[in-house]
Each structure stands twice: as C-alpha cells, then as structure tokens.
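Visitor:
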Amino acid sequence: MKKIIGIIIVLLVIAFLGIFGLRIWGIEIVSLQTILKSSATLIILGVAIVILIICYGFYFKDPSKGYDRSVGNRAHPRIDQ
Numbered sequence: 001m002k003k004i005i006g007i008i009i010v011l012l013v014i015a016f017l018g019i020f021g022l023r024i025w026g027i028e029i030v031s032l033q034t035i036l037k038s039s040a041t042l043i044i045l046g047v048a049i050v051i052l053i054i055c056y057g058f059y060f061k062d063p064s065k066g067y068d069r070s071v072g073n074r075a076h077p078r079i080d081q
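Sequence positions in the sequence shown follow the UniProt record's numbering and run 1 to 81.
Laid out in structure tokens, this is it:
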C-alpha cells in the first residue's frame with residue numbers, strides 16, 4: 001500500500017512539474033484555476049475517506065471477534081472458522 005501511495009504521489013509531482021514547465025513557456029493546457037479547484041476537491045475527498053475509515057474502525061470493528069477468550073490473560077489464539 002505504501003508503494004502504491006508513493007507511486008501516485010510521484011506521478012502527481014511529475015504532472016504538476018510538467019504543467020509548470022509548460023506554463024513557463026506560455027503553453028497553457030490546463031488553467032491554474034482548474035488545478036486549484038481539482039486539488040481542493042481531492043483534498044476534501046481524502047479527508048472524507050480518512051474520517052470514514054476512522055468511523056468504521058471506531059463503530060463497526062470488534063477487535064475481540066474470532067478469538068478464544070477462555071485461554072487466559074496471554075495472547076489468545078484465533079478460533080478456526
């Protein structure tokens with residue numbers, strides 16, 4: 001997962017540098033306003049995804065599900081399902 005996120009970040013950086021380089025030469029493929037709006041949209045979606053993941057882990061995840069609690073206070077083996 002870390003590699004996928006890293007690859008996406010590297011591709012975005014290369015794309016932004018390419019667009020910046022083209023703007024230096026006066027070639028406008030995408031306007032700055034469009035880039036800012038799309039970046040803001042991606043940030044909002046990223047924040048929403050993080051909030052949903054936290055809510056899922058907090059409300060819907062049961063960490064003790066599937067473990068044998070009758071073993072004692074040490075590490076509990078998983079129950080084969």
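Cβ coordinates follow ideal geometry from the N, Cα and C atoms, glycine included.
(1) Determine the DSSP secondary structure at residue 60, reduced to helix, strand or coil.
(2) Would you mind giving the Cβ-Cβ distance between residue 19 and residue 29, rounded to the nearest angstrom? I have them listed as a contact below 8 Å.
(3) Please list the terminal residues of the continuous alpha helix (DSSP H) segment that includes residue 5.
(4) On the three-state DSSP scale, how would you describe residue 39?
Guide: According to the structure shown:
(1) Under the three-state reduction of DSSP output, residue 60 falls in the coil class, being neither helix nor strand.
(2) In this structure, residue 19 and residue 29 form a Cβ contact; the two beta carbons are roughly 7 Å apart against a cut-off of 8 Å.
(3) For residue 5, the enclosing alpha helix (DSSP H) starts and ends at 2-24.
(4) Three-state result, residue 39: helix.
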